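A.B. asks:
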Amino acid sequence: MPTDNLNIDSKSIEDLYAWYSNKLLVVNRRYQRKLVWSIDEKKALISSIVEEYPIPLLLFVKTNDNREILDGMQRLEAVMSFIEQKFAHNDHYFDLDATALTKQLKDVGTLVQETPVMSRDDSVKLARYKFAVSEYSSASHDIDEVFRRINSNGKRLSKQELRSAGCVTNFSELVRKISTQVRGDTSHGDILKLNSMSKISINNDGLGYGVSINEHFYVSNGILTRTSVRESADEELVANILGYIALTEKPTSGSEQLDGFYGIKDTSHTSTQRALLESYIQTNGEDKILKNYVYVYDQIKSLFNGRDSTFKQQILGDQVSSHESPRYYQAVFLAFYELLITKNLEIDNADGLFNQLKDTGTSVISVSDGGRWAASKRKESVENLEALILRHFKESQRQIENNAWVTEIENILTSSQTEQSYYDFKQGFMSLSGNHKFEDSTLEGVLKTCVGINNIGKDSEGFVLIGVADKEAHAQRLNTLYGVDSIEKNGFYITGIDHEASQLFGDIDTYFMALKDKITANYSLTEELKQQILKDVRVCDYKGKHLIKIPVKSVGKVCNLDQKLYLRQTTSTTLIDDFDAVQALMTNYIQGT
């Protein structure tokens with residue numbers, strides 16, 4: 000990294016907040032940690048700033064007008080969230096009148112002053128506090144290497160975070176993507192504004208935002224603890240499972256083995272294993288492996304949902320003293336994987352299967368103590384468990400695409416909070432007036448939205464979900480009209496389309512065919528986009544409620560509906576009819592902006 004690309008300066012918190020407010024601070028999730036600071040850690044930082052103690056420097060990579068945060072994301076987010084009234088210091092909130100920008104934002108209603116208010120002197124002192132800032136411009140591979148070096152020397156990172164810091168292989172990327180899907184802190188893309196990070200972050204005590212890890216299947220079922228998820232043990236779990244699936248010669252499970260997978264430990268044997276892992280992913284395809292993994296996870300999660308026993312209780316009994324059971328989960332997951340994916344079976348008797356798993360942690364699964372689970376013991380445990388539960392599975396009646404609908408739908412809802420333009424949600428095609436008719440104008444609006452998402456750019460991808468209300472009042476109205484109970488998730492209300500399918504067409508299949516027929520016959524939509532929608536639209540099952548999922552993938556050209564151009568802008572679909580606006584749309588589409 001040439002030093003002439005390096006600029007060292009200082010910036011006040013007031014200056015940094017101006018960058019933040021203008022959405023110039025970005026995070027690359029490909030190598031950055033998930034936000035995991037607790038409320039106490041955030042308060043401790045604010046205390047240090049008010050007391051004028053030195054704080055480690057912030058490191059940015061300058062990309063056009065943006066600053067990509069290479070080191071200091073947690074510190075920056077803590078300071079910005081304090082300024083924006085998300086938590087207090089010594090029970091007092093930052094005085095929004097202390098800077099011109101925050102006062103302006105308060106005056107227009109963007110920020111709301113919480114009380115009691117910190118003294119003006121302390122608020123001004125905080126706003127004027129200067130961070131040492133280092134900025135440089137460099138290539139992507141240099142950024143990865145700098146990040147690895149920064150986070151390999153004395154930082155308080157977990158073993159898994161140190162392994163993955165700056166490691167960019169197909170294996171490490173797939174582990175990260177699967178873990179994100181399973182954890183639920185998904186975003187539309189890897190490059191994210193710092194302003195959006197809190198919406199998808201692991202929820203901390205006292206902070207009313209983010210993904211609630213306490214409610215996650217891993218934590219609520221005693222597979223992992225909240226603390227271990229914070230330390231990325233969930234990624235270790237995925238890496239261990241993926242290594243077993245991919246390698247014919249089954250590996251051990253443990254810290255030393257993971258060091259080999261990530262290149263921390265480099266021997267001829269680990270080098271061969273890494274090559275085989277890369278080959279497996281390249282041969283089978285990242286998307287297919289990810290979908291299969293999440294499908295198996297969803298099947299296990301569904302099996303245990305609503306039961307009187309948690310995973311840990313069912314597998315190990317009530318008397319077990321351990322707070323978590325990751326290796327037992329590995330064995331169950333891998334046995335399910337062999338039956339569901341490798342042998343293409345499906346669960347036949349869920350209750351019988353659940354009961355069969357009782358106490359298998361003491362009778363069938365043999366887990367080693369300490370840091371290493373021997374390959375032979377793990378393989379034997381998986382095979383014995385698979386043989387035991389086989390009778391509760393049956394041959395699939397047809398070749399099915401393994402769809403992990405619950406996790407996928409929840410991740411779409413979460414991702415929509417970071418890039419709203421690419422997502423839209425409708426409660427259904429019947430209006431809430433109670434006329435019990437299919438509203439063609441609603442379908443026309445959905446197709447306008449599809450055109451608008453396509454026209455964002457040549458690489459744009461998004462989703463429209465039918466059967467999801469974005470307002471509680473709409474869900475309550477559906478309950479009044481049709482007795483529909485909704486499932487609240489991430490501020491959305493999943494109502495399903497079962498009631499209108501029954502009311503209008505008698506059943507889901509007829510409803511779905513009628514919808515496709517309407518799109519085919521009644522609308523003059525750019526043919527390539529129409530065919531893409533008809534090919535990819537799906538009926539999804541979310542906890543017994545059926546939804547329509549319409550994926551939208553740019554077809555490589557600007558599209559129209561009835562010879563009119565549309566563009567998605569935040570949560571609205573805008574008609575583009577002004578000449579200059581049309582020219583700008585065409586230019587931006589090609590540039591992908």
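Take 0 as the starting number for the sequence shown in numbering that gives the first Met the number 0 and just add one per residue. For every residue, glycine included, the Cβ atom is placed at its ideal position computed from N, Cα and C. Quantities reported herein were computed from a predicted structural model and do not represent experimental measurements.
(1) For the candidate residues A513, Q84, K311 and K393, whose alpha-carbon lies nearest to that of D347?
(2) Classify N213: buried if its beta carbon has 16 or more other beta carbons within 10 angstroms, exposed otherwise.
(3) Go ahead and pull the three-state DSSP assignment for T519.
(4) Taking its Cβ as the centre, do 16 or more other Cβ atoms sit within 10 Å of D368, making it buried, or is it exposed?
(5) Based on Cα-Cα distance, which residue from L100, K436, I244 and R182 lies nearest to A17?
(6) Measure the Cβ-Cβ separation of E499 and G427 and say whether it is below 9 angstroms.
(7) Should M512 go down as buried or exposed, given a rule of 16 or more other Cβ atoms within 10 Å for buried?
(8) If you reduce the DSSP assignment to three classes, tell me which class W18 lands in.
(9) What separation, rounded to the nearest whole angstrom, lies between the Cα atoms of W404 and L56?
(10) So L23 and R66 are in contact, right, with Cβ under 8 angstroms, and what is the actual spacing, rounded?
(11) Specify the secondary structure class of R306 as computed by DSSP and reduced to three states.
(12) With DSSP run on the structure shown, which of helix, strand or coil describes A131?
(13) Have a look at G305 and V450 and give me their C-alpha separation to the nearest angstrom.
(14) Could you give the residue range of the alpha helix (DSSP H) that holds Y243?
(15) Just to confirm, are L387 and Q355 a CB contact at a threshold of 9 angstroms?
(16) Could you check what DSSP says for Q313 in three-state terms: helix, strand or coil?
(17) DSSP three-state label for C166, please.
(18) Over what stretch of residues does the beta strand (DSSP E) that includes V25 continue unbroken?
(19) Quick check on E76: buried or exposed, where buried means 16 or more other Cβ atoms within 10 Å of its Cβ?
(20) What's the C-alpha gap between F437 and K517?
(21) If you draw a straight line from the C-alpha of I38 to the C-alpha of E345, how long is it?
(22) Considering only the alpha carbon of each residue, which of D561, L546 and K534 lies closest to S523?
(23) To which residues does DSSP link H91 through a beta bridge?
(24) Report the residue from N6, I493 and E248 whose alpha carbon sits nearest the alpha carbon of K470.
(25) With 16 other CB atoms within 10 Å as the buried threshold, where does I399 fall?
(26) Is there contact between the segment 322-332 and the segment 229-244, where contact requires at least three CB pairs shorter than 8 angstroms?
(27) So that I know if they touch, is there some Cβ in chain D lying closer than 9 angstroms to that of S211?
(28) Looking at the structure shown, is N410 part of a helix, part of a strand, or coil, going by DSSP?
(29) Closest by CA to K593, which one among K342, E337, K376 and D307?
(30) From H322 to S178, what distance separates their C-alpha atoms?
(31) Under 7 angstroms Cβ to Cβ from S157, same chain only, skipping five residues before and after it: list those, please.
(32) Using C-beta distances below 7 angstroms, list every residue in its chain close to A349, excluding the 5 sequence neighbours before and after it, in chain order.
(33) What runs of the beta strand (DSSP E), each 3 residues or longer, lie entirely inside the segment 422-476?
(34) So P325 is in the alpha helix (DSSP H); what residue range does that whole segment cover?
(35) Can you grab the Cα-Cα spacing for the pair C539 / Y336, in whole Å?
(36) Any idea if S200 is buried or exposed, counting beta-carbon neighbours within 10 angstroms, 16 or more meaning buried?
C.D. replies: Once the coordinates are examined:
(1) Residue K393 is the option with its Cα nearest to D347.
(2) By the 10 Å Cβ count, N213 comes out exposed.
(3) T519 falls in the helix class under three-state DSSP.
(4) With fewer than 16 other Cβ atoms inside 10 Å of its own Cβ, D368 counts as exposed.
(5) Check the Cα spacing between A17 and each of L100, K436, I244 and R182: the tightest is with L100.
(6) In this structure, G427 lies closer than 9 angstroms to E499 by Cβ.
(7) With fewer than 16 other Cβ atoms from the protein chains shown falling within 10 Å of its own Cβ, M512 counts as exposed.
(8) Note: W18 maps to helix in three-state DSSP.
(9) Cα to Cα, W404 sits roughly 43 angstroms from L56.
(10) Between R66 and L23 the Cβ distance is about 6 angstroms, and since that is below 8 angstroms, they are a contact.
(11) Three-state result, R306: coil.
(12) A131 sits in a strand when the DSSP states are folded into three classes.
(13) In this structure, the straight-line span from the alpha carbon of G305 to that of V450 is close to 41 angstroms.
(14) Boundaries of the alpha helix (DSSP H) around Y243: A232 to A245.
(15) With contacts defined as CB atoms closer than 9 angstroms, L387 and Q355 qualify as a contacting pair.
(16) Helix, per DSSP.
(17) When secondary structure is reduced to three states using DSSP, C166 falls in the coil class, being assigned neither helix nor strand.
(18) Unbroken beta strand (DSSP E) run through V25: L24 to N27.
(19) Flag for E76 reads buried.
(20) The straight-line gap from Cα to Cα measures roughly 11 angstroms.
(21) The straight-line gap from Cα to Cα measures roughly 44 angstroms.
(22) Residue D561 is the option with its Cα nearest to S523.
(23) H88.
(24) Minimum Cα-Cα distance from K470 among the listed residues N6, I493 and E248 corresponds to I493.
(25) With a pLDDT of 48 at I399, under the threshold of 50, the modelled position of that residue is not reliable, and no figure is offered here.
(26) Taking 8 angstroms as the limit for Cβ pairs, the verdict is that the segment 229-244 does touch the segment 322-332.
(27) Absent here is chain D; the protein component of the structure consists of one chain.
(28) In the displayed model, N410 falls within a helix according to three-state DSSP.
(29) Beyond the ends of the chain as shown, which are 0 and 592, falls residue 593; an answer cannot be given.
(30) If I take the Cα positions, the gap works out to 21 angstroms.
(31) Answer for S157: E230 and S231, listed in chain order.
(32) Excluding positions up to five away in sequence, the list reads L302.
(33) Segments of the beta strand (DSSP E) lying fully in the segment 422-476: 422-425 and 460-465.
(34) For P325, the uninterrupted alpha helix (DSSP H) run begins and ends at P325 to Y336, by DSSP.
(35) Inter-residue distance for C539 and Y336 is about 22 angstroms (C-alpha atoms, whole angstroms).
(36) Per the 10 Å Cβ criterion, buried.
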